[in-house]
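Chains as they are written, first to last, in this note's numbering: chain H, 156 to 417; chain X, 137 to 428.
For every residue, glycine included, the Cβ atom is placed at its ideal position computed from N, Cα and C.
Given the structure is predicted, the values throughout are model-derived calculations rather than measurements.
Structure first, then comments.
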Amino acid sequence: MTPPENDGVPRIRMRGVRKAFGDKVVLDGVDLDVPTGTSLVVIGGSGSGKSVLIKCILGLIDADAGSIEIDGRDLMTMERAEREAARARIGMLFQNGALFDSLPVWENVAFGLLARNHLSRAKARELAADYLAQVGLAASVGELSPSELSGGMQKRVALARAIAAQPDILFFDEPTTGLDPIMGAVIDGLIVDCVKRLGSTAVAITHDMASARRIGDAAAMLYQGRIIWHGPAEDLMHSGSPEVDQFTHGRREGPISMALRR
Amino acid sequence: MAGGFTGAIALRDQQGATQQGGTGSSVAKAGMNTFLDVLATIGRALLDACRVAGAIAIFGATGLSHLVRPPFYGRLFFRAMAEIGYFSLPVVALTAIFTGMVLALQSYTGFARFSAESAIASLVVLSVTRELGPVLAGLMVAGRIGASFAAELGTMRVTDQIDALSTLSTNPMKYLVAPRLLAGVIALPLLVVVADILGVMGGFIVATLKLGFVPELYVQNTLNFMQTQDVVSGLAKAAVFGFIITLMGCYQGYNSRGGAEGVGAATTNAVVSASILILAFDYLLTELFFSR
Numbered sequence: 156m157t158p159p160e161n162d163g164v165p166r167i168r169m170r171g172v173r174k175a176f177g178d179k180v181v182l183d184g185v186d187l188d189v190p191t192g193t194s195l196v197v198i199g200g201s202g203s204g205k206s207v208l209i210k211c212i213l214g215l216i217d218a219d220a221g222s223i224e225i226d227g228r229d230l231m232t233m234e235r236a237e238r239e240a241a242r243a244r245i246g247m248l249f250q251n252g253a254l255f256d257s258l259p260v261w262e263n264v265a266f267g268l269l270a271r272n273h274l275s276r277a278k279a280r281e282l283a284a285d286y287l288a289q290v291g292l293a294a295s296v297g298e299l300s301p302s303e304l305s306g307g308m309q310k311r312v313a314l315a316r317a318i319a320a321q322p323d324i325l326f327f328d329e330p331t332t333g334l335d336p337i338m339g340a341v342i343d344g345l346i347v348d349c350v351k352r353l354g355s356t357a358v359a360i361t362h363d364m365a366s367a368r369r370i371g372d373a374a375a376m377l378y379q380g381r382i383i384w385h386g387p388a389e390d391l392m393h394s395g396s397p398e399v400d401q402f403t404h405g406r407r408e409g410p411i412s413m414a415l416r417r
Numbered sequence: 137m138a139g140g141f142t143g144a145i146a147l148r149d150q151q152g153a154t155q156q157g158g159t160g161s162s163v164a165k166a167g168m169n170t171f172l173d174v175l176a177t178i179g180r181a182l183l184d185a186c187r188v189a190g191a192i193a194i195f196g197a198t199g200l201s202h203l204v205r206p207p208f209y210g211r212l213f214f215r216a217m218a219e220i221g222y223f224s225l226p227v228v229a230l231t232a233i234f235t236g237m238v239l240a241l242q243s244y245t246g247f248a249r250f251s252a253e254s255a256i257a258s259l260v261v262l263s264v265t266r267e268l269g270p271v272l273a274g275l276m277v278a279g280r281i282g283a284s285f286a287a288e289l290g291t292m293r294v295t296d297q298i299d300a301l302s303t304l305s306t307n308p309m310k311y312l313v314a315p316r317l318l319a320g321v322i323a324l325p326l327l328v329v330v331a332d333i334l335g336v337m338g339g340f341i342v343a344t345l346k347l348g349f350v351p352e353l354y355v356q357n358t359l360n361f362m363q364t365q366d367v368v369s370g371l372a373k374a375a376v377f378g379f380i381i382t383l384m385g386c387y388q389g390y391n392s393r394g395g396a397e398g399v400g401a402a403t404t405n406a407v408v409s410a411s412i413l414i415l416a417f418d419y420l421l422t423e424l425f426f427s428r
């Protein structure tokens, strides 16, 4: 799967993306560029629309307005088959792993390979063991059920599943949520390694500032449906934006009112 | 319908506007407003019902359309067949056999008053094959499988597993819904064949061991009165019920929202809606097969 040449066009470009659920406007004109081969971290409060943003790019939710381009091609105006092909270039690590309970771990990891490449089950099982090794898990883990794994192991399996198809673009939805700080750091390290090895473009959403600085080249903050700050990840803690500073330092007082965060 | 509903509200607003200054007729106008509010509520409920019926129809048609387009998930189909057919066998078998026994006992009590005890065999076979076999099997399977499918798909929905399927180049309707619909249409008639045999056998046991019927004569009477049309119509009903049960289980689970509470509600809705639809379609199909 070779990504198209893009001559300086960002791998992901969003312009004026809007999404409302009934009266509640979640995304209110989001503009965002993610250059090829870089990692962007999107931060924002609970319910600020970070997950909706990713789901709009993935096509799991249809945006109401705006454009979402991958390599300069607007996903929202593509034919269905073309959109499916574009989606196949994206890997996703869900917040809770979203592993399939009814399948053993190896089949979870190889699920996309079996669906796309029509491999034999024996070959898929071999490949699954390779990908499990890449995230630091033994091949024997492949025989277990997801419910037999700890939270950290589930995240690793989900990461192995996300990278199995060697995607050009990787999304991470709160990859360290629910993990202890050490396991969080381990998962972040694996994410950085995988993204580097695949040469992918990555978008991660997180509340965890340590994780944001470890994963991201750049960072953006989503607030009240818009991107209010976008800059290098190392500037997160001294961004100059009162909202970002309040959020990253976890201050109670500041421009972000709890009353507004519904 | 929407026009009538909007019209009712407009009329109510007009009534409200012209109410100023009116004294003697204010009570009558208040009554009219209450009446229009009731109409509006009924209209809203009807519109909601139409919307849901349309959504279920589209969901079912989409699921069926995936049965004729590759890829096909044979393993999932056979797993659903086992779950619906094999694992529901004990509950359906017990229901059928006890129903046949009770039917023989109750009909003997009634028929003895008219010296028509010999009609018990025909009543049992006719009732079981035409009605009780498919309906009771359908209701039992609705409780077991409708709830199970709704809970499984509902949990997959709220834990993002359905979204994960989409990101792995797999259509969730094709993977989760189509094999279950097909399995329901095939497995329930097979269960009803078993239910028919055991229901008749239940009647036979009570008639011969308790009521003193001659076994050969009872079997002969049963065979004489059993008609192909009765059995076939029962199996056709079972196929429709199988579709309804799996459709409602999948629809409610697939569209569940809101965590554990949403999954619980989906499960309840799947069983209740499937049970009501089974009874409604039972009447419609009986009308279709047997009305002259």
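Cα-Cα separation between residue i and residue j, rounded to whole angstroms
| i | j | result |
| --- | --- | --- |
| X/A300 | X/T170 | 49 Å |
| X/A181 | X/S411 | 21 Å |
| X/A255 | X/S392 | 50 Å |
| H/G171 | H/G380 | 11 Å |
| X/L371 | X/S251 | 33 Å |
| H/A218 | H/E303 | 37 Å |
| X/L415 | X/L175 | 28 Å |
| X/Y390 | X/Y419 | 28 Å |
| X/G282 | X/H202 | 21 Å |
| X/I192 | X/T235 | 33 Å |
| H/S305 | H/M338 | 11 Å |
| H/A340 | H/H362 | 14 Å |
| X/F90 | X/F377 | Since the first residue shown for chain X is 137 and the last is 428, residue 90 of chain X is missing from the structure and cannot be characterised. |
| X/L183 | X/M384 | 20 Å |
Residue-level contact to chain B via CB, residue i, 7 Å cutoff
| i | result |
| --- | --- |
| H/R244 | Among the protein chains of the structure shown, namely H and X, there is no chain B. |
Element boundaries [alpha helix (DSSP H), containing residue i]
| i | result |
| --- | --- |
| X/F417 | G395 to F426 |
| X/G236 | L225 to F247 |
| X/P351 | P351 to F361 |
| H/H404 | P397 to H404 |
| X/T303 | Q297 to T303 |
Same chain, Cβ closer than 7 Å to residue i, five either side skipped, listed in chain order
| i | result |
| --- | --- |
| H/R238 | G214 and L230 |
| H/D180 | Inspection of the sequence shows that residue 180 of chain H is occupied by Val rather than by Asp. Here the set comprises G380. |
| H/Q309 | G252, L254 and P301 |
Cβ shell of residue i (< 8 Å), same chain only, five flanking positions each side left out
| i | result |
| --- | --- |
| H/R416 | Annotation note: pLDDT 47 at H/R416 (below 50); position unreliable, no value reported. |
| X/L327 | I220, G221, S224, L225, V228, A273, V277 and A374 |
| H/M364 | I198, L391, M392 and T403 |
| H/P397 | G409 and P410 |
| X/C386 | F195, G199, F285, A286, L289, L312, V313, R316 and L317 |
Element boundaries [beta strand (DSSP E), containing residue i]
| i | result |
| --- | --- |
| X/I281 | Element bounds for X/I281: n/a, residue is neither H nor E. |
| H/L325 | I324 to D328 |
| H/R170 | I167 to F176 |
| H/A216 | The residue you asked about is not Ala; residue 216 of chain H is Ile in the sequence shown. Here H/I216 belongs to no beta strand (DSSP E), and DSSP marks it neither H nor E. |
| H/R276 | Here H/R276 belongs to no beta strand (DSSP E); instead the alpha helix (DSSP H) covers R276 to Q289. |
| H/K179 | K179 to V189 |
| H/P387 | R381 to P387 |
| H/A359 | T356 to T361 |
| H/S194 | S194 to I198 |
| X/I341 | Counting along the chain, X/I341 falls outside any beta strand (DSSP E), though it belongs to the alpha helix (DSSP H) covering A314 to L345. |
| H/A319 | Run containing H/A319: none; DSSP gives neither H nor E here. |
| H/A374 | A373 to Y378 |
Residue i classed as buried or exposed, judged by whether at least 16 other C-beta atoms fall within 10 angstroms
| i | result |
| --- | --- |
| X/P325 | buried |
| X/K346 | exposed |
| H/V189 | buried |
| H/P322 | buried |
| H/S194 | buried |
| X/P270 | buried |
| X/G339 | buried |
| H/S412 | exposed |
| X/L268 | buried |
| H/P336 | exposed |
| X/T94 | Because chain X in this structure spans residues 137 to 428, residue 94 of chain X falls outside the shown range and cannot be described. |
| X/C186 | exposed |
Residues near residue i by beta carbon distance below 6 Å, same chain, minus five either side
| i | result |
| --- | --- |
| H/H385 | A375 |
| X/Q388 | A286, A402, N405 and A406 |
| H/D343 | S366, R369 and I370 |
| X/T265 | D332, D366, V367 and G370 |
| H/M156 | Below a pLDDT of 50, predicted positions are generally treated as unreliable, and H/M156, at 40, falls in that range; the measurement from the model is reported next regardless. For H/M156, where only same-chain residues beyond five positions count, there are no Cβ hits under 6 Å. |
For the segment 274 to 284 of chain H against the segment 304 to 319 of chain X, do three or more pairs of beta-carbon atoms, one drawn from each stretch, fall closer than 8 Å, so that the two count as touching? no
Are three or more beta carbon pairs between the segment 245 to 258 of chain H and the segment 314 to 329 of chain H nearer than 8 Å? yes
Cβ contact (3+ pairs, closer than 8 Å) linking the segment 294 to 310 of chain H and the segment 258 to 270 of chain H: yes
Pairs of beta-carbons, one from the segment 351 to 366 of chain X and one from the segment 259 to 268 of chain X, closer than 8 Å: are there three or more? yes
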